[in-house]
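685 is the number of the first residue of the sequence shown in the working numbering; add one for each residue after it. Below you'll find the structure, written out as structure tokens, and then a few comments.
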Amino acid sequence: MIPSRLPRRAGVGFKPEHFADILSAPEPIGFFEVHAENYMGAGGPPHAQLGKLREDHALSIHGVGLSIGSMQPLDREHLARLKVLCDRYQPESFSEHLAWSTHDSVFLNDLLPLPYTEETLVRVVEHVDQVQDALKRQMLLENPATYLLFEESTIEETVFLAEIARRTGCGLLLDVNNVFVAATNHNLDAGDYIARFPLEAVREIHLSGHSETVDDLGAALLIDSHDTPVKDPVWALYETVIGRIGPVASLVEWDNDVPAWPVLRDEAMAAQRILDTAARQRAA
């Protein structure tokens with residue numbers, strides 16, 4: 685099984701509108717990440733751009749459609765398309781979400797939460813094993829941004845993720861913004877969550893912006909919207925994580941209201957400065 689091996693640097697999610705800027709003024713971006721489902725066609729401009737980008741940069745492929753948390757069997761055709769994509773580009777990393785998004789033949793176009801029980805744990809472990817066996821590579825599993833909790837959950841989320849990693853050998857993708865969003869929505873302490881997270885299994889980190897609103901009762905409600913700069917509390921939480929585990933591949937996601945390339949690049953450089961500081965402190 686090929687391990688995840690992204691460089692311990694800051695990267696960004698690739699957007700086609702930035703392609704010309706990236707080629708005309710190369711920047712010290714550590715890696716690019718793309719959503720797998722956008723590249724499951726046979727050819728055309730998406731593959732022409734990605735092929736060119738892959739010549740000079742490390743690549744992470746991030747899936748959003750496997751429905752790892754579903755109680756249904758995985759879609760074998762989707763998994764086969766994913767294998768073709770990974771074989772074609774040989775990415776340094778592949779990741780997916782601890783979520784589900786399909787029911788029968790319906791794709792729900794969202795990353796939905798699941799209850800944390802022994803039954804769902806066994807099912808997720810089966811699915812992770814199936815993906816890794818098919819791809820012949822380690823996958824990373826991402827913690828979710830959630831807006832509700834299940835009464836039937838009997839396992840803490842951090843324990844649930846740690847057990848999946850232990851049973852399957854998969855790595856974890858720690859989305860720091862998701863931690864902050866979920867902790868705020870559930871009136872929990874994000875720092876306590878990080879303290880309990882199995883940081884030794886983390887191979888990649890995600891950073892992104894979120895939007896702020898209120899629920900029907902007037903309580904604060906955060907949405908994992910990926911449409912703003914990374915917020916200060918998320919940066920602070922990220923610094924805490926990097927201070928504990930040292931530099932690790934860190935991606936800035938910005939998927940909606942996508943800004944000009946210099947704005948996204950500067951967000952990545954802010955993450956890189958935190959990584960560089962941690963590296964200097966460890967060397968000292």
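By construction, the Cβ of each residue, glycine as well, lies at the ideal position given by its N, Cα and C atoms. Given the structure is predicted, the values throughout are model-derived calculations rather than measurements.
Inset, instruction - Can you tell me which of P710, L948, A962 puts its alpha carbon nearest to the alpha carbon of V696? - result: Along the sequence shown, read from residue 1 onward, the residue named residue 696 stands at position 12. That would be L948, whose Cα lies nearest to the Cα of V696.
Legend entry - Three-state secondary structure (DSSP) of A944: Here the question's residue 944 lines up with position 260 in the sequence shown. Residue state, collapsed to three classes: coil.
Inset, instruction - Please classify D859: is it buried, with 16 or more other beta-carbons within 10 angstroms of its beta-carbon, or exposed? - result: As a first step, residue 859 is located in the sequence shown; it is residue number 175 there, counting from the start. Buried, since its Cβ has 16 or more Cβ neighbours within 10 Å.
Inset, instruction - To the nearest angstrom, report how far apart D908 and S688 are at their CA atoms. - result: Looking up residue 908 in the sequence shown gives position 224. Looking up residue 688 in the sequence shown gives position 4. One alpha carbon belongs to D908, the other to S688, and they sit about 25 Å apart.
Inset, instruction - Would you check if the stretch 845-859 and the stretch 874-885 touch, i.e. whether three or more CB-CB distances between them fall below 8 Å? - result: yes
Inset, instruction - Might you give, ordered along the chain, the residues of its own chain that have their beta carbon closer than 8 Å to the beta carbon of L824, omitting 5 neighbours on each side? - result: In the sequence shown, counting from the first residue as 1, residue 824 sits at position 140. So the qualifying residues of the chain are S688, S777, F778, S779, E780, C854, G855, L856, L857, R887, E888.
Inset, instruction - Note down the Cα distance separating L805 from L819, rounded to an integer number of angstroms. - result: Position 121 of the sequence shown, counting from 1, holds the residue named residue 805. Position 135 of the sequence shown, counting from 1, holds the residue named residue 819. Cα-Cα distance, rounded: 21 Å.
Inset, instruction - Could you tell me which of N722, R693, A709, S708 sits nearest to F715, measuring between CA atoms? - result: If you number the sequence shown from 1, residue 715 lands on position 31. If we check each option's Cα against that of F715, R693 comes out closest.
Inset, instruction - Just the C-alpha distance for L833 and I878, rounded to the nearest angstrom, thanks. - result: In the sequence shown, residue 833 corresponds to position 149, counting from 1. In the sequence shown, residue 878 corresponds to position 194, counting from 1. About 18 Å.
Inset, instruction - Please state if the CB of A720 and the CB of L983 are separated by a distance shorter than 7 Å. - result: Because residue 983 is not part of the residues shown, which for the chain are 685 to 968, the question remains open.
Legend entry - Of the listed residues V942, R807, G725, nearest to H702 (C-alpha basis): Counted from its first residue, the sequence shown places residue 702 at position 18. The residue with the shortest Cα to Cα distance from H702 is V942.
Legend entry - Bridge-paired residues (DSSP) for D859: One-based indexing of the sequence shown puts residue 859 at position 175. Partner(s): H890.
Inset, instruction - Could you tell me the distance, in whole angstroms, from the CA atom of A933 to the CA atom of L690? - result: The sequence position of residue 933 within the sequence shown is 249, counting from 1. The sequence position of residue 690 within the sequence shown is 6, counting from 1. Answer to the nearest angstrom: the Cα atoms are 6 Å apart.
Legend entry - Minimum C-alpha distance to T852 - residue among D911, R807, N722: In the sequence shown, counting from the first residue as 1, residue 852 sits at position 168. Per the Cα distances, R807.
Inset, instruction - Determine the closest residue to A846 out of L782, Q816, S892, with distance taken between C-alpha atoms. - result: Mapped onto the sequence shown, residue 846 falls at position 162. The option with the nearest alpha carbon to A846 is L782.
Inset, instruction - Closer than 7 Å by C-beta to P913: which residues in its own chain qualify, once you throw out the five before and the five after it? Chain order, please. - result: Position 229 of the sequence shown, counting from 1, holds the residue named residue 913. So the qualifying residues of the chain are G893, E951.
Legend entry - Beta-carbon proximity of W784 to S751, cut-off 7 Å: Counting from 1 along the sequence shown, the entry for residue 784 is found at position 100. Counting from 1 along the sequence shown, the entry for residue 751 is found at position 67. Their beta carbons are under 7 Å apart, which means W784 touches S751 by this criterion.
Legend entry - Nearest candidate by alpha-carbon position, reference V809, set F844, D771, T897: Looking up residue 809 in the sequence shown gives position 125. Selected option, being the one with the closest Cα: F844.
Legend entry - Q814 versus L763 - alpha carbon distance: Mapped onto the sequence shown, residue 814 falls at position 130. Mapped onto the sequence shown, residue 763 falls at position 79. If I take the Cα positions, the gap works out to 9 Å.
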